[in-house]
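Residue numbers (the working numbering): 4 to 233. Data block below; observations after.
Written as structure tokens, this is what we have:
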């Protein structure tokens with residue numbers, strides 16, 4: 004089974020590294036936003052609305068995934084155990100790490116796929132991860148259009164482009180690097196940098212995560228304007 008620390012060796016670390024490098028230029032002040040800003044609203048059709056009223060965005064996760072906020076509460080852990088049992092997933096709650104074990108950037112939300120055939124020896128083949136970090140003055144905020152150009156020249160990047168959602172720019176990146184296939188979204192809202200990504204360690208699953216990624220991107224909405232950059 005995966006231990007609490009070991010899960011991050013199987014998460015898309017290259018993805019999170021790109022996020023950190025593009026949004027935060029070696030700023031020791033950057034830190035995760037509070038998990039309490041995020042709300043998961045399960046829907047009757049099995050989907051989940053993920054919303055952040057403080058920072059003004061939301062999206063919908065499909066019914067094939069179970070979203071979990073990190074660190075999980077005891078009630079969320081119990082719900083997670085129920086999902087594991089119901090879908091016979093070959094994992095346990097030790098894959099959900101508490102924040103004190105993670106020093107720098109870590110996901111605020113993890114999406115657990117509910118297909119037991121998409122695990123190997125207790126390890127995820129497909130992962131959804133989301134991070135949200137504060138951007139402090141001097142944190143090296145770069146325009147998304149510049150980020151897209153930087154990303155296009157980076158090793159393993161297959162595509163990087165800007166889309167507009169409710170008038171806001173969103174950077175979309177596709178990558179294949181060192182056996183990891185990933186789709187990323189990066190945007191800035193209310194002085195916070197937000198990244199979410201689907202990733203897999205098998206080329207056969209790449210079309211699946213691309214489909215899931217596009218479904219989330221289609222539902223992404225914004226409700227507030229950015230706070231001014233200081």
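Every residue gets a Cβ at the ideal spot worked out from N, C-alpha and C, and that includes glycine. Values in this document were obtained by computation on a predicted structure and should not be read as measured data.
Mapping DSSP to helix, strand and coil, what is residue i?
i, result
"residue 70", "strand"
"residue 104", "Residue placement at residue 104 cannot be trusted, given a pLDDT of 47 that sits under 50; the coordinates are not used to answer."
"residue 56", "coil"
"residue 97", "helix"
"residue 155", "helix"
"residue 12", "Any reading at residue 12 needs caution, since the residue's pLDDT is 42, under 50, leaving its predicted position unreliable; the model's value is listed next. Residue 12: helix per DSSP, three-state reduction."
"residue 90", "helix"
"residue 149", "helix"
"residue 205", "coil"
Excluding five sequence neighbours on each side, which residues of the same chain lie with their C-beta closer than 8 Å to the C-beta of residue i?
i, result
"residue 86", "69, 92, 115 and 117"
"residue 161", "177, 178 and 179"
"residue 169", "224, 225 and 226"
"residue 165", "147, 148, 151, 172, 173, 174 and 175"
Assuming residue i and residue j form a contact by the criterion Cβ under 8 Å, report the distance between their Cβ atoms to the nearest whole angstrom.
i, j, result
"residue 112", "residue 211", "19 Å between Cβ atoms; not a contact."
"residue 64", "residue 134", "With 8 Å as the limit, residue 64 and residue 134 do not qualify as a contact, their Cβ atoms being about 16 Å apart."
"residue 224", "residue 46", "At roughly 15 Å, the Cβ-Cβ gap does not stay under 8 Å, so residue 224 and residue 46 are not in contact."
"residue 192", "residue 58", "5 Å"
"residue 189", "residue 36", "In fact, because the Cβ distance is near 15 Å, the residues do not count as touching under 8 Å."
"residue 83", "residue 99", "7 Å"
Which one or two residues does DSSP pair with residue i in a beta bridge?
i, result
"residue 114", "70 and 131"
"residue 45", "51"
"residue 222", "Beta-bridge pairing links residue 222 to no other residue."
Quick one: residues in its chain with C-beta nearer than 6 Å to the C-beta of residue i, no 5 flanking neighbours on either side, listed in chain order?
i, result
"residue 44", "52"
"residue 129", "116, 121, 203, 208 and 212"
At a threshold of 7 Å, does residue i count as lining the ligand FMN (C-beta to nearest heavy atom)?
i, result
"residue 197", "No copy of the ligand FMN occurs in the structure displayed, which carries no ligand at all."
Which same chain residues end up closer than 7 Å to residue i when comparing Cβ atoms and leaving out the 5 residues on each side of it in sequence?
i, result
"residue 49", "66"
Is there a Cβ of chain D sitting closer than 8 Å to that of residue i, yes or no?
i, result
"residue 79", "Here chain D cannot be found, since the structure has a single protein chain."
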